[in-house]
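Numbering (my numbering), first residue to last: 93 to 457.
The beta carbon of each residue, even a glycine, is placed where N, CA and C say it ideally should be.
Since this is a predicted model, take the numbers as computed values, not measurements.
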């Protein structure tokens with residue numbers, strides 16, 4: 093089910109992203125939030141596996157909310173303040189991963205708790221639509237999007253066909269050769285982090301004999317560190333004194349590799365918890381930096397398209413990782429799987445420092 097969802101994210105990401113360039117980001121964002129709210133609400137009243145699969149298919153196609161929001165940030169925030177804005181938005185989003193398990197756990201303990209959880213989630217989505225409506229007063233769509241919205245009424249299927257054709261055409265106009273290095277770095281980050289997350293619960297259970305409840309506490313601890321890191325990322329960037337983006341990417345990729353190795357060789361839970369601090373910091377920094385590079389290295393007409401492609405790259409990593417790590421775990425042992433997260437991290441270090449340095453500097457100039 094997880095791989096199916098990720099696969100749909102791969103194919104729908106670029107199309108949804110391109111549609112935001114054509115139809116307007118706020119319009120597509122509202123449609124995405126509304127569809128997600130309806131789908132999660134329906135999940136609460138259904139007990140049939142087939143229907144659940146269909147709902148997950150729909151969600152996999154339309155749930156690109158965070159990606160669209162990042163493109164909007166690029167549109168409305170000045171270039172010199174975008175890094176700080178990305179950090180704060182990531183920090184706010186991280187609160188959901190901290191509070192969500194606690195709130196959902198209490199609600200699900202009630203009779204018919206899953207239904208209440210789904211309805212509560214639906215209400216939150218609809219509240220987000222109200223926030224988007226509020227944003228419309230201060231956010232103006234580019235003239236190209238306005239003109240695209242003013243079209244003669246046509247049959248629904250004809251209009252949908254034209255929009256898909258325009259989306260594909262818009263994707264073809266993007267200079268993919270220019271952005272190969274940033275996309276590769278994003279992919280390497282996704283592979284490394286996904287390898288850890290898909291195996292962390294098993295490692296915590298086998299190596300440290302933790303229960304599922306305590307693993308949940310560690311996940312909240314990880315997200316708390318990530319939230320704090322996002323809030324102070326601008327200060328951290330100044331502290332390490334590396335001005336160019338590719339240099340910072342290289343630094344954080346190398347720190348990611350060291351953190352993974354340290355987690356593998358750690359013999360006590362306290363050491364493991366300590367190492368999670370730099371690991372969470374690097375995950376937050378690389379997630380923000382890689383997305384920032386992708387969005388600021390293109391014009392405003394293709395930011396949505398590149399955001400969608402970026403989201404697809406992360407989905408590919410989530411799709412491939414369970415299969416690959418499962419095979420590696422059978423051959424080398426479950427505890428050794430985490431070490432394979434070092435390979436893409438080291439590749440990212442080399443690419444961002446050597447192969448990508450010239451390209452990324454050219455983009456930033």
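{"Item": "Cutoff 8 Å; reference residue 121; Cβ partners in own chain excluding five residues on either side", "Value": "112, 157, 160, 161, 164 and 224"}
{"Item": "Reduced DSSP category for residue 333 - H, G, I as helix; E, B as strand; rest coil", "Value": "coil"}
{"Item": "Neighbourhood of residue 425 by C-beta, 6 Å cutoff - its chain only, sequence neighbours within 5 removed", "Value": "none"}
{"Item": "Distance between residue 221 and residue 301 (C-alpha atoms, nearest Å)", "Value": "43 Å"}
{"Item": "Cutoff 6 Å; reference residue 243; Cβ partners in own chain excluding five residues on either side", "Value": "With a pLDDT of only 46 at residue 243, under the threshold of 50, the placement of this residue in the model should not be trusted; the figure read from the coordinates follows. Answer for residue 243: no residue qualifies."}
{"Item": "Span of the alpha helix (DSSP H) around residue 440", "Value": "434–442"}
{"Item": "C-alpha distance - residue 388 paired with residue 423, whole-angstrom precision", "Value": "42 Å"}
{"Item": "Extent of the continuous alpha helix (DSSP H) to which residue 147 belongs", "Value": "141–154"}
{"Item": "Any alpha helix (DSSP H) of 4 or more consecutive residues that is wholly inside the stretch 164–216", "Value": "174–200"}
{"Item": "Collapsed DSSP secondary structure at residue 312 in the structure displayed", "Value": "helix"}
{"Item": "Element boundaries [alpha helix (DSSP H), containing residue 124]", "Value": "117–135"}
{"Item": "Contact test: residue 353 Cβ vs the ligand ADP heavy atom, cutoff 6 Å", "Value": "Looking for the ligand ADP in the displayed structure turns up nothing, as the structure carries no ligands at all."}
{"Item": "Contact check, residue 283 vs residue 409, beta carbons under 7 Å", "Value": "yes"}
{"Item": "Coil, strand or helix - residue 306 by DSSP", "Value": "helix"}
{"Item": "Residue 103 in three-state terms, based on DSSP", "Value": "helix"}
{"Item": "Residue 349 vs residue 434 beta-carbon contact at 7 Å", "Value": "yes"}
{"Item": "Where residue 445 sits in the DSSP three-state scheme", "Value": "helix"}
{"Item": "Inter-residue spacing [alpha-carbon to alpha-carbon] between residue 313 and residue 293", "Value": "14 Å"}
{"Item": "Three-state secondary structure assigned by DSSP to residue 318", "Value": "helix"}
{"Item": "From 150, 359 and 344, residue whose alpha carbon lies closest to that of residue 439", "Value": "344"}
{"Item": "Three-way DSSP call (helix, strand, coil) for residue 110 in this model", "Value": "helix"}
{"Item": "Burial state of residue 166, where buried means 16 or more other Cβ atoms lie within 10 Å", "Value": "buried"}
{"Item": "The alpha helix (DSSP H) enclosing residue 282, as first and last residue numbers", "Value": "272–289"}
{"Item": "Coarse secondary structure for residue 324, derived from DSSP in three states", "Value": "coil"}
{"Item": "Simplified DSSP assignment, three categories, for residue 427", "Value": "helix"}
{"Item": "Touch test, the stretch 185–201 against the stretch 310–325, Cβ-Cβ under 8 Å, three pairs minimum", "Value": "yes"}
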